[in-house]
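Participant: The following block contains the structure, expressed as structure tokens.
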Amino acid sequence: MKTKTEPYLYLCKRTWILLLFFLPCQLFAQDVLVIKGNVADAKDGTTLIGVSVKEKGASNAASTDQNGNYTLRVSKANSTLIFSYIGYLTQEVALEGRTNLDIKLDAESRGLNEVVVVGYGTQKRGEVTSAIATVKAEDFTKGAVRDAAQLVQGKVAGLRITTPSGDPTASTQINLRGLNSISGTSEPLILIDGVPGSLNTVSPEDIESVDVLKDGSAAAIYGTRATGGVILITTRQNRSDSKATIEYANYVTVQQIARKPDMLTAADYRRLIGEGKQYIDYGGNTNWLDEILQNPVSQNHNVTIFGGNNTTNFTGSVNYRDWEGIFLRSGQKRLNIRASLNHSMFNDKLKTNVQIINRTTKAEQGGADGYAYRQAIIRNPTDNIFTEEGRWQEREAYNYDNPLGRIHETTNDNTFKEMRVNGSLDYRPFKDLSLKLMASNIQNTNLYGTSTTFNHVNTTKAQLNGTASRSTYANVENLVEFTGNYNKTVGRHNFSVLGGYSWQDAVYESFNAYNFDFPTDAYSWNKLEAGSALQRGLATMGSYKSKWQLAGFFSRLTYNWDEKYLFMASIRREGSSKFGENYHWGSFPAASVGWRVTKEDFMENISLVSDLKLRAGYGITGTIANNPYMSQTSYNFTYNQGAFINGKWVQGFVPARNFNPDLRWEKKKEYNVGVDFGLFSNRITGSLDYYTRTVEDLIYNFRVPVPPYLIESMLINAGTMENSGFEALVNVKVVDSEAFKWNSNVTYSSNNNKLVNLSNDKFDVTADFFDAGYTGEPIQTSTHRVNVGGPIGQFYVLKSVGVDENGKWLVENKDGQVISISDSSPNDRQFYGNGIPKYLLGLNNSFNFKNFDLSVNVRGAFGHDVLNMQRMYYENPVNKAYNALSNAYDLKFGQVLNNDLVYVSDYIEKGDYVKIDNITFGYTFGDRLIKGVKNLRLYVSGLNLITITKYKGLDPEAVSYTGDFTFAPGIENRDAYPTTRTFTAGLNVSF
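All letters in the sequence shown, in the order written, are residues 10 to 1000 by my numbering.
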């Protein structure tokens, strides 16, 4: 029988049971500590979003929020926290009973602890034994930049980067440590996150760092692709546990022509006509150059999104750029979309990454190009734009067209599309071993169309009744790489072993078609078959396809003892389908050593020197043939070399290339010695390098006898080229106070080159020289000569010494005698000046005062000459059909020039210059200005602002040194698209 107390006793019993159940949980909870704090940049105090905060030896982790704050539960009061963030040094801090812990993180790019990207991996700067330069995002050129190269312009010693054209569709030119090939490329290998690409593959806003492998010991692991050096571009990635963050960057630019030529005006024409000069006055007053110019306004928008957690995170970006050119109907639109996804599993043993980059560029333009610019400056300023009937005013002079008619009656459309997909699996079965598989597929297509209307000179002068063409190409490239990397530390011995395999293949296809004589110009290129020229056999078409494969096995060993004595050795065994059947495979070894002198005991009391490392390296790289089939026999079907057979014309089957089974890679052997140093607690840091490189087995097109060969020319490995130079980099923290900071960076480099020989004993062929460059019509002669035993880049020209009383040039003959130019011969030409700068200089300064920032970048090139083609053609008043420079009638050697257009040394000028290249001024608002808005920065910037030079042309830097001008550098072409001066206003903000 239950009493009244039973329910109470029952309740007490249940309560005690619950208390006993929760007691262990409560006891456990008492051991859990909640740690809070804030993480900021040690340099400027900016809060850092998404910093990973982990308890060492445990799985719990957190990340900083929008305000840089974090909250983390730890199990012990004496736990150690690990703070890590991309671009910053990882920091481990013991709690020592604290529950509130604020941290300042130092950027990685400080001193010899900086992490640099090397071939197939990373290393600490202090352990690197090769010549490697690194530029981080915070040191990039600010404002409106074309591509990745312009971000580091003037910031890497030995890396020459120029922008020779103001064309919005053009790219920068780039060269590292001089020329390295005759028939191959001297441009560096560009890798985007380890995958081959170009300087335009990703938008500049998407780049985190640029590493340049400069010497042979660093680049040899890339074999036949690395003679021109290697540029490793690392894109921005979210590598931490963070809340979603959105970054927005925008800028608007205006441009103007950097410098205009001073041509004769309509008033000058009428004055000269009054003086008896044979010019024609058409009654007008037209500044033709101003008529084809516009005031371009361009814009750029970039949105980047970071998000995820420690297990899965992503980065996404969209970049849209709409750039207008300074010429009418010129410009380019570009859309870049990038998405990167990282995922880790099995306690971070397996990490995966998938990245997609989609790029589209579209240029819908008229006929505005370098030739239109030429037509504008040579046009009679008294002429009118239109006839009385409203048509374009044209004249019958040779190569003399209305530039506005050319621009408006021509349509040029170009669309380029590229899709890049790459992914990787990184498996770490245990702590010291990493196995990585990476694969990529790149597909790009280009579609180009051009047409002219019935009002174009193609019809009004040449009677072609409209022209149209269409061309396209498609390229597919695959890459598969497998690497294994083992790192181990045993006592003071630290070593790593890398081994890998690489496979790359590509298929390229192209097609083009051209027709004219259309019934209407409304079709443009959309009905090519309508042109009557097709029925008359005058239309043209062509197609092409090629394929190549590249396979390589590579390995690298790095070792250091107590981070004091350093050693690296690597080798790559590579095979290419582009070479002759006897030389499909080649080996490319490298080795380098280093000594961290400051680790020695005798340096302990030398406080002046904070870091000092000596290093030396040697490596062999190669240059691959441009065309996949250079070693193979080839035949062409040609209509012109056919024959009548049975009353029918049959096309000829004609040999086009000789068979050479011994064609192989050009081989570059390079020695490099260097010093990395830090002084006054690393207030001054830098590096010094001296290199010498010899390129053997140069590929050159020699004349050979027929028979036994099928045709009279043949590509043969024959020749040696030498390069040597010195490079210096100095970084100085001039002022490093809390309120004001001033950092300065100086780069300097020199280079000397020589063609040692050009011969092959096996084929019994020798060449003492070869000519390069071309003046164009009507002079029609080469501009340079490369002589065996001499430097590359020398102008080869008649040396002018005066003008006679008849206005004719006086030149120096081969015997040193002064003769009239009419009595000279090609044998009287001589070497005069060189188009390659001997010295390059960069000076970069950044200032920070509280929330204000200012950067000033200065560049210079010295010890070279430039052929001023505009003076050569337009500083001579002899051709009255064309306009001339305003000084054309000035006395030259006491006489007015009255000579045909000729190539003489008077037009070759000293090309030394100093450019105040970029000035950027910005202000960053405090994070409390607008809730949810972080790092709001407004800035203004100017690019290519001032050029200090004695050169009389438009721009001494507006010269080409790639393609057809590789061995004819230093020519400011008369058909060049003029360089521009750019002014920018922009903002950056995070949400």
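Every residue, glycine too, gets a C-beta built ideally from N, C-alpha and C.
Can you pull the DSSP bridge partners for A275?
Facilitator: Here residue 275 refers to the residue found at position 266 of the sequence shown. Partner(s): none; A275 has no beta bridge.
Participant: Taking only the alpha-carbon atoms, compute the straight-line gap between D987 and N367 and give it to the nearest angstrom.
Facilitator: On the sequence shown, position 978 is the one that residue 987 refers to. On the sequence shown, position 358 is the one that residue 367 refers to. A small correction: the amino acid at residue 987 is Pro; Asp does not occupy that position in the sequence shown. Looking at the two C-alpha atoms, the distance is approximately 31 Å.
Participant: Pick helix, strand or coil for D115, following the three-state DSSP scheme.
Facilitator: Walking along the sequence shown from the start, residue 115 turns up at place 106. DSSP places D115 in coil when its eight states are reduced to three.
Participant: Taking just the CA atoms, how far does L160 sit from V144?
Facilitator: Indexing the sequence shown from 1 puts residue 144 at position 135. Indexing the sequence shown from 1 puts residue 160 at position 151. About 9 Å.
Participant: Which whole runs of the beta strand (DSSP E) in the region 34-89 are 3 residues long or more, in chain order?
Facilitator: If we require 3 residues or more, the beta strand (DSSP E) runs fully inside the region 34-89 come out as 42-50, 61-64, 70-72, 78-83.
Participant: Could you give the uninterrupted runs of the beta strand (DSSP E) lying entirely in the region 393-471, keeping only those of 3 residues or more?
Facilitator: If we require 3 residues or more, the beta strand (DSSP E) runs fully inside the region 393-471 come out as 419-439, 442-461.
Participant: Just to confirm my understanding: we take N769, look at its own chain, exclude 5 residues before and 5 after, and list those with CB closer than 6 Å. What are they?
Facilitator: Within the sequence shown, the letter at position 760 stands for residue 769. Counting only Cβ-Cβ distances below 6 Å, and skipping sequence neighbours, we find I725, A727.
Participant: Might you give, ordered along the chain, the residues of its own chain that have their beta carbon closer than 6 Å to the beta carbon of S619, omitting 5 neighbours on each side?
Facilitator: Locating residue 619 in the sequence shown gives position 610, where the first residue counts as 1. Cβ neighbours of S619 beyond the five flanking positions: G687, S690, N691.
Participant: Output needed for L456: all residues of its chain with C-beta closer than 7 Å, excluding positions within five of it in sequence on either side, in chain order.
Facilitator: For the purposes of this step, residue 456 is taken as the residue at position 447 of the sequence shown. Same-chain partners within the cutoff: T424, T481.
Participant: Measuring straight from C-alpha to C-alpha, what distance separates F355 and Y436?
Facilitator: Walking along the sequence shown from the start, residue 355 turns up at place 346. Walking along the sequence shown from the start, residue 436 turns up at place 427. So the two alpha carbons sit approximately 10 Å from each other.
Participant: Would W818 and N908 be called neighbours here (beta carbons separated by less than 8 Å)?
Facilitator: Here residue 818 refers to the residue found at position 809 when the sequence shown is read from its first residue. Here residue 908 refers to the residue found at position 899 when the sequence shown is read from its first residue. The answer is yes: Cβ separation under 8 Å.
Participant: What separation, rounded to the nearest whole angstrom, lies between the Cα atoms of N189 and W674?
Facilitator: The residue labelled residue 189 in the question sits at position 180 within the sequence shown. The residue labelled residue 674 in the question sits at position 665 within the sequence shown. The straight-line gap from Cα to Cα measures roughly 12 Å.
Participant: Measuring only the C-alpha atoms, how far is P205 from A748?
Facilitator: In the sequence shown, counting from the first residue as 1, residue 205 sits at position 196. In the sequence shown, counting from the first residue as 1, residue 748 sits at position 739. Distance between the alpha carbons of P205 and A748 is about 43 Å.
Participant: Report the three-state DSSP secondary structure of I939 (helix, strand or coil).
Facilitator: By one-based count along the sequence shown, residue 939 stands at place 930. Correct three-state label for I939: coil.
Participant: Check whether the Cβ atoms of K742 and T703 sit closer than 8 Å, and answer yes or no.
Facilitator: Residue mapping note: residue 742 aligns to position 733 of the sequence shown, counting from 1. Residue mapping note: residue 703 aligns to position 694 of the sequence shown, counting from 1. No.
Participant: Taking the alpha helix (DSSP H) that E300 belongs to, which residues open and close that run?
Facilitator: Start at 1 with the first residue of the sequence shown, and residue 300 comes out as number 291. Its alpha helix (DSSP H) spans residues 297-301.
Participant: Tell me whether the region 329-347 and the region 946-954 touch, counting them as touching only if at least three CB pairs, one residue from each stretch, are closer than 8 Å.
Facilitator: They do not touch, by the three-pair rule.
Participant: Report buried or exposed for W594, applying the criterion of at least 16 other Cβ atoms within 10 angstroms of its Cβ.
Facilitator: By 1-based counting over the sequence shown, the position of residue 594 is 585. It counts as exposed.
Participant: With a CB to CB cut of under 8 Å and the five nearest residues on each side skipped, what residues in its chain are close to N796?
Facilitator: Mapped onto the sequence shown, residue 796 falls at position 787. Result list for N796: L764, D777, F778, Q803, F840, in chain order.
Participant: Using a 10 Å radius around the Cβ and a threshold of 16 neighbouring Cβ atoms, would you call A985 buried or exposed?
Facilitator: Start at 1 with the first residue of the sequence shown, and residue 985 comes out as number 976. With 16 or more Cβ atoms within 10 Å of its Cβ, A985 is classed as buried.
Participant: If you follow the alpha helix (DSSP H) that R880 is part of, which residue opens it and which one closes it?
Facilitator: If you number the sequence shown from 1, residue 880 lands on position 871. 878-883 is the span of the alpha helix (DSSP H), which, as asked, contains R880.
Participant: Write down the C-beta distance between I633 and G193 rounded to the nearest angstrom, noting that I regard them as a contact closer than 8 Å.
Facilitator: In the sequence shown, counting from the first residue as 1, residue 633 sits at position 624. In the sequence shown, counting from the first residue as 1, residue 193 sits at position 184. About 6 Å; that satisfies the 8 Å criterion.
Participant: What do you reckon, are the CB atoms on E981 and M878 nearer than 8 Å?
Facilitator: One-based indexing of the sequence shown puts residue 981 at position 972. One-based indexing of the sequence shown puts residue 878 at position 869. Contact flag set, yes.
Participant: Under DSSP, the beta strand (DSSP E) around Q839 begins and ends at which residues?
Facilitator: Stepping through the sequence shown from its first residue, residue 839 is reached at position 830. Segment 839-843, the beta strand (DSSP E) holding Q839.
Participant: Please report how far the alpha carbon of S207 lies from the alpha carbon of K151, in whole angstroms.
Facilitator: For the purposes of this step, residue 207 is taken as the residue at position 198 of the sequence shown. For the purposes of this step, residue 151 is taken as the residue at position 142 of the sequence shown. Computed Cα separation, rounded: 20 Å.
Participant: Using 8 Å as the threshold, is the region 392-402 in touch with the region 171-184, meaning 3 or more CB pairs across them?
Facilitator: No, the region 392-402 does not touch the region 171-184.
Participant: Whether or not the region 542-560 and the region 502-521 are in contact is what I'm after, with contact meaning three or more pairs of Cβ atoms, one per stretch, closer than 8 Å; do they touch?
Facilitator: Touching, per the Cβ criterion.
Participant: Considering only the alpha carbon of each residue, which of G292, M272, V154 lies closest to R279?
Facilitator: By one-based count along the sequence shown, residue 279 stands at place 270. It is G292.
Participant: Measure the C-alpha to C-alpha separation of L42 and L104 and round it to an integer number of angstroms.
Facilitator: Within the sequence shown, numbered from 1, the residue matching residue 42 stands at position 33. Within the sequence shown, numbered from 1, the residue matching residue 104 stands at position 95. Their backbone Cα atoms lie some 11 Å apart in a straight line.
Participant: Spatial neighbours of S564 within its chain, please: C-beta separation below 7 Å, excluding the five flanking residues on both sides.
Facilitator: Walking along the sequence shown from the start, residue 564 turns up at place 555. Excluding positions up to five away in sequence, the list reads L507, G508, S579, I580.
Participant: Would DSSP call I830 helix, strand or coil?
Facilitator: Locating residue 830 in the sequence shown gives position 821, counting from the first residue. Helix.
Participant: Taking all protein chains shown into account, decide if Q264 is buried (16 or more other Cβ within 10 angstroms of its Cβ) or exposed.
Facilitator: As a first step, residue 264 is located in the sequence shown; it is residue number 255 there, counting from the start. When all chains shown are included, Q264 counts as buried.
Participant: What residue range is occupied by the uninterrupted alpha helix (DSSP H) comprising Y97?
Facilitator: Counting from one through the sequence shown, the residue named residue 97 turns up at place 88. Unbroken run through Y97: none, as it is neither H nor E.
Participant: Just how far apart, CA to CA, sit Y568 and R186?
Facilitator: Position 559 of the sequence shown, counted from the start, is the residue given in the question as residue 568. Position 177 of the sequence shown, counted from the start, is the residue given in the question as residue 186. The alpha-carbon atoms of Y568 and R186 are separated by roughly 28 Å.
Participant: Specify the secondary structure class of R134 as computed by DSSP and reduced to three states.
Facilitator: Along the sequence shown, one-based indexing puts residue 134 at 125. If DSSP states are grouped into helix, strand and coil, R134 belongs with the helices.
Participant: Which whole-angstrom value describes the C-beta separation of D156 and N209, a residue pair presumed to lie in contact below a C-beta threshold of 8 Å?
Facilitator: The residue given as residue 156 occupies position 147 in the sequence shown. The residue given as residue 209 occupies position 200 in the sequence shown. That pair is a contact at about 5 Å.
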